[in-house]
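> Before I ask anything, let me first share the structure, which is written out below as structure tokens.
Below, the structure written as structure tokens:
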């Protein structure tokens, strides 16, 4: 008789723009764990629709996809990518709603990790990134936060399984994330 195949675990990293999601997921990637980013899925859709990668276009597309296909639309696009991976743990960085987590939870074990940082810290980080979608000023920053909150990210952050504060150094966040990853991997081995 064949042993039952273990269910994959999706570590969903959530947080407001500039909170430190990418830094946290990089600690996972350094261990060879596949990382998928919500923004990459939106940018791939923008490429298909031949849209320029502007803050406005990407923000509107993020809202349009969810309006047209439901709040779990990005997670549905993620599932084939997860299925193509070999490992038992995968990271999904940047979920925006409970519906995305519920969609993934139909097929996988899901653990949510919220990264939290203050508004001023996040604004400074976004400015330093020099990406095309960075806020031009505080009003743009607030507008982006409002858009993110409108799709349900606040509830997702509030109901996360674990929360990590990111007001200190990059090394502190990586160390905290590493500890959490060890606990998740240990639980995955024992299940």
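Numbering (the numbering used here), first residue to last: 289 to 479. For each residue, glycine too, the CB sits at the ideal point set by N, CA and C.
1. For residue 306, I'd like the list of residues in its chain whose CB is within less than 6 Å of its CB, leaving aside the five on either flank, ordered along the chain.
2. Looking only at its chain, what residues have a beta carbon closer than 6 Å to the beta carbon of residue 291, apart from the 5 residues adjacent to it on each side?
3. Can you give the Cα-Cα distance for residue 301 and residue 373, rounded to whole angstroms?
4. Answer yes or no: do residue 388 and residue 360 have a C-beta to C-beta separation smaller than 9 Å?
5. Suppose you measure from the CA of residue 470 to the CA of residue 335; what does that come to, to the nearest Å?
6. Quick check: residue 452 and residue 404, are their CB atoms within less than 9 Å of each other?
7. By DSSP's criteria, residue 354 is part of a beta bridge. Which residues make up the other side?
8. Is residue 455 helix, strand or coil when you go by DSSP?
9. I'd like the span of the beta strand (DSSP E) that includes residue 370, first residue to last.
10. Once the 5 residues before and after residue 315 are set aside, which same chain residues still bring their CB inside 6 Å of it?
11. Along the alpha helix (DSSP H) that carries residue 321, what are the first and last residues, could you check?
12. Name, in chain order, the residues that DSSP records as bridge partners for residue 297.
13. Note down, in chain order, each residue of its chain lying with its Cβ closer than 7 Å to the Cβ of residue 327, except the 5 sequence neighbours on either side.
14. With DSSP run on the structure shown, which of helix, strand or coil describes residue 450?
15. Could you tell me the boundaries of the alpha helix (DSSP H) in which residue 411 lies?
16. Looking at residue 299 and residue 329, is the spacing between their C-beta atoms short of 9 Å?
17. Checking the sheet assignment: what are the DSSP bridge partners for residue 312?
18. Who are the Cβ neighbours of residue 323 in its own chain at under 7 Å, not counting the five residues just before and after it?
19. Would you mind giving the Cβ-Cβ distance between residue 370 and residue 296, rounded to the nearest angstrom? I have them listed as a contact below 8 Å.
Taking the definition as stated:
1. 410, 413, 414
2. Model confidence at residue 291 stands at a pLDDT of 42, short of 50, so the residue's coordinates are unreliable; what they give is reported in the following sentence. Excluding positions up to five away in sequence, the list is empty.
3. Rounded to whole angstroms, the gap between the alpha carbons of residue 301 and residue 373 is 18 Å.
4. yes
5. 36 Å
6. yes
7. BP columns for residue 354 are empty, so no partner.
8. Of the three classes helix, strand and coil, the one that applies to residue 455 here is coil, per DSSP.
9. Unbroken run through residue 370 is the alpha helix (DSSP H), 361–371; no beta strand (DSSP E).
10. Around residue 315: 462, 465, 466.
11. Segment: none, residue 321 is in no alpha helix (DSSP H) and carries neither H nor E.
12. 377, 397
13. 382
14. In the structure shown, residue 450 sits in a strand (DSSP, three-state: E or B).
15. 407–417
16. no
17. For residue 312, which the question treats as bridged, DSSP gives no partner whatsoever.
18. 313, 316, 317, 379, 381
19. 7 Å
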